[in-house]
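Residue numbers (the working numbering), protein chains in the order written: chain A, 2 to 287; chain B, 351 to 608. Structure, as structure tokens:
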Amino acid sequence: MSAAAVASSGTPRGERLYWALLVLPCVFLGLFYVVPVINVLVMSVTVPRLGLSNYADLVANPAVRRVLWTTVRIGVLTTAITLLLGYIVAYALVHTSARQRQTLLAIVVASFWISVLIRAFAWVAILQSAGLVNSALMGLGLIDSPLQLVRNEVGVMIGMVHYMLPYAILPLYANMSGIDRSLVPAARALGATPAQAFRWVFLPMSLPGLIGAGIIVLIFSLGFYITPAILGGGKTIMVAEYISVQISETLRWGLAAMLATTLLASVLLLVFWLSRFMDVEAALRK
Amino acid sequence: MQRFSFIHVLAWATACFLILPILVVIPISVTPERYLSLPTNSMSFGHYANLVGDARWSKSILDSLIVASGATVLSTALGTAFAVGAWRLGVPLARRLRLLMLAPIIVPPIVHAIAFYRAWAVVGLLDSYLGLVLIHAMKGLPFVVLTVAASLANLDHRLEQAARSLGATPGQAMRWVVLPQVATGVVSGAAFAFITSWDETIVALFVTSRRVVTLPRRIWEGLADNIDPAIAALGTLMVLITVAAVVINTLRTQRRTA
């Protein structure tokens, strides 16, 4: 604190009020949030008995290995598709008229705010065997029997990409807005083809945004529960749903706590990595 | 301005992918059938009537409103307090504590869902309004901290000090000088907190059962057994409210920048 601030804020009574304001919410969160979460972390090494036996399941248990592999595969593929589409939308947002930009942004923001359950419901209505896509294709005589579009990875990934897109578009757009608009024309004037100017000028400058958006989408994808559970229909099971099944059906708290700890550790690592590319707080703001 | 290129076509196609599938809830909501279908010959608003008439839906709407209101009040109060305290003190500790405040949005929901399930069973808060209000308040807290902190970022510390040196007590300086400056941040933080609670599904599935049935839980159960077109009616209302809010907001910023 500067000398002037110390001199004028002086009385401890004023400071005390602000310390109380600062500390009270932390105590609330510490007591009701941090303690329960740490309890789960501890359970991963104490239930059913003290030791690392739960963690041995990560390699020894084929069901656990399959769920983790499904989670990573779907998470990475979702992130890749989301980034590609998100990059295109963000690029168009920066390179278009103000009017089009407003409409496009309004669509992105509106889809952002619509409840995840309603969106999953809409996708079930569209993709299920008696749904819109299959009825239309069969009505046109293009297919004889309905395509399997839900209760598998295709359905889960369609729903997840749909949910994650705004999370990629908004930070990418923020990043690209900060890129100097005269750089690409300058490269063109110096003889670069449009592709070269993009590859060597625009792309490298948008890379921090791309990595940041990718990490955000991956963080949310790995722990995603609702959309995979509804569109996966019990066939495609990701780790969050698997944890939930361990608690509510098989009552294997130790295994659930171990998977929760593993998931949390992976997410924290990604957040740590994210903090090197962008302001974590700005990235998490809706 | 660039001409309409291939990239723009792709971008608009992605925008259609974002919004059009959601709009399918609108025709489904007016189907006269009791199962998920598109209306063919006639339309019916029976599923909208069900949202009010069917006791299960109306109870859930009420439950969601109760929980979201309680959670919004609590998280707005605590989040504003934290942001103001951190801003005024400006100590490095405050910056580190801010990361703690963000925990509820960083930790995967399934992790804290099982944590709350376990802890709330111990303290007897399972399936209670208070129990869910506390949880949703914590889930809304980071958004309030972020929005209020953002509105404080440009506020000069000396304003508060000037008020104090002119004889205001700490409470008066806060009430008449600091809080009016952050009012917009507080309001948008409260809106975030309300929507966070209104949409929250996973923890509600774990910590509530029969007494408290919020809308997401009701929808979830409706999706699990037979898919009830009343969900489409509810979805239509929620989509219309969202679109209206976004359009109003866009027009307002348009006017401000124009």
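The beta-carbon is built from N, C-alpha and C at its ideal position, and this holds for glycine as well. A quick note: this is a predicted structure, and the numbers were derived from the prediction, not measured.
Can you tell me the Cα-Cα spacing of residue i and residue j, whole angstroms?
i: A:TYR226; j: A:ILE238; result: 9 angstroms
i: B:LEU484; j: B:PHE493; result: 15 angstroms
i: B:VAL528; j: A:LEU51; result: 52 angstroms
i: B:ALA365; j: B:ILE598; result: 19 angstroms
i: A:MET2; j: B:MET524; result: Low per-residue confidence applies at A:MET2: pLDDT is 41, beneath 50, and the placement is therefore not dependable, though the value from the model is reported in the following sentence. Computed Cα separation, rounded: 20 angstroms.
i: A:GLY234; j: A:VAL35; result: 32 angstroms
i: B:VAL441; j: B:PHE466; result: 31 angstroms
i: B:PRO454; j: A:ALA283; result: 15 angstroms
i: B:GLY396; j: B:GLY539; result: 36 angstroms
i: A:SER267; j: A:LEU53; result: 18 angstroms
i: A:LEU269; j: B:ARG448; result: 16 angstroms
i: B:THR603; j: A:THR47; result: 55 angstroms
i: B:VAL457; j: A:THR263; result: 12 angstroms
i: A:TRP70; j: A:ILE244; result: 15 angstroms
i: B:ALA580; j: B:LEU386; result: 9 angstroms
i: A:LEU148; j: A:ASN135; result: 6 angstroms
i: B:VAL359; j: A:SER183; result: 24 angstroms
i: B:GLU383; j: B:PRO389; result: 8 angstroms
i: A:ALA193; j: A:VAL185; result: 9 angstroms
Any idea what DSSP makes of residue i, helix, strand or coil?
i: A:PHE225; result: coil
i: A:ILE212; result: helix
i: A:LYS236; result: coil
i: B:ILE577; result: coil
i: B:TYR385; result: coil
i: A:ASN135; result: helix
i: A:SER178; result: helix
i: B:MET524; result: helix
i: B:PHE544; result: helix
i: A:GLY11; result: Here A:GLY11 scores only 48 on pLDDT, less than 50, and its place in the model should not be relied on; the value that follows carries that caveat. It is coil, neither helix nor strand.
i: A:MET206; result: helix
i: B:ASP404; result: coil
i: B:THR390; result: coil
Grab the span of the alpha helix (DSSP H) containing residue i for me, first residue to last.
i: B:LEU590; result: 580-607
i: B:GLU571; result: 565-574
i: B:GLN511; result: 507-515
i: A:HIS302; result: Because residue 302 of chain A is not part of the residues shown, which for chain A are 2 to 287, the question remains open.
i: B:ILE376; result: 375-379
i: A:ASN40; result: 36-47
i: B:TYR467; result: 459-473
i: A:ALA57; result: 54-61
i: B:PRO492; result: 479-502
Starting from residue i, find everything on chain A with Cβ-Cβ shorter than 8 angstroms and list it in chain order.
i: B:LEU368; result: ILE108, VAL109, SER112, HIS163, LEU166 and PRO167
i: B:PRO566; result: SER116 and LEU118
Name the chain B residues whose beta carbon is nearer than 8 angstroms to that of residue i?
i: A:VAL272; result: ILE456
Under 9 angstroms between beta-carbons, which chain A residues line up against residue i? List them in chain order, please.
i: B:ILE336; result: Residue 336 of chain B lies beyond the residue range present for chain B, which begins at 351 and ends at 608; the question has no answer from this structure.
Counting only Cβ pairs nearer than 7 angstroms, list the residues of chain B close to residue i.
i: A:GLU250; result: Within chain B, no residue comes near A:GLU250; the closest Cβ sits about 13 angstroms away, beyond 7 angstroms.
i: A:SER183; result: Those do not exist, as A:SER183 stays about 15 angstroms from chain B at its closest Cβ, beyond 7 angstroms.
i: A:LEU78; result: Those do not exist, as A:LEU78 stays about 17 angstroms from chain B at its closest Cβ, beyond 7 angstroms.
i: A:PHE1; result: Not covered by the structure: residue 1 of chain A. The range shown for chain A is 2 to 287.
By the criterion of Cβ-Cβ separation under 7 angstroms, what are the contact partners of residue i in chain A?
i: B:ALA465; result: PRO37, VAL38, ASN40 and VAL41
i: B:TRP570; result: LEU118
i: B:ILE378; result: ALA126
i: B:ILE416; result: By Cβ distance, chain A contributes nothing, its closest Cβ being about 18 angstroms from B:ILE416, past 7 angstroms.
i: B:THR551; result: LEU118 and ILE227
*Determine, using beta-carbon pairs with one atom in the segment 254-266 of chain A and one in the segment 33-42 of chain A, whether at least three such pairs fall under 8 angstroms.*
yes
*Would you check if there are 3 or more beta carbon pairs closer than 8 angstroms linking the segment 474-490 of chain B to the segment 412-432 of chain B?*
Contact holds: three or more Cβ-Cβ distances are below 8 angstroms.
_I'd like to know if the segment 161-169 of chain A and the segment 83-94 of chain A are in contact, where contact means that at least 3 CB-CB pairs between them fall below 8 angstroms._
yes
_If contact is defined by three or more beta carbon pairs under 8 angstroms, each pair taking one atom from either stretch, is the segment 21-28 of chain A in contact with the segment 421-433 of chain B?_
With a cut-off of 8 angstroms, the segment 21-28 of chain A and the segment 421-433 of chain B count as touching, because enough Cβ pairs lie within range.
*Counting Cβ pairs closer than 8 angstroms, one from the segment 495-513 of chain B and one from the segment 530-546 of chain B, do we hit at least three?*
yes
*On the three-pair Cβ rule with 8 angstroms, is the segment 116-129 of chain A touching the segment 559-574 of chain B?*
yes
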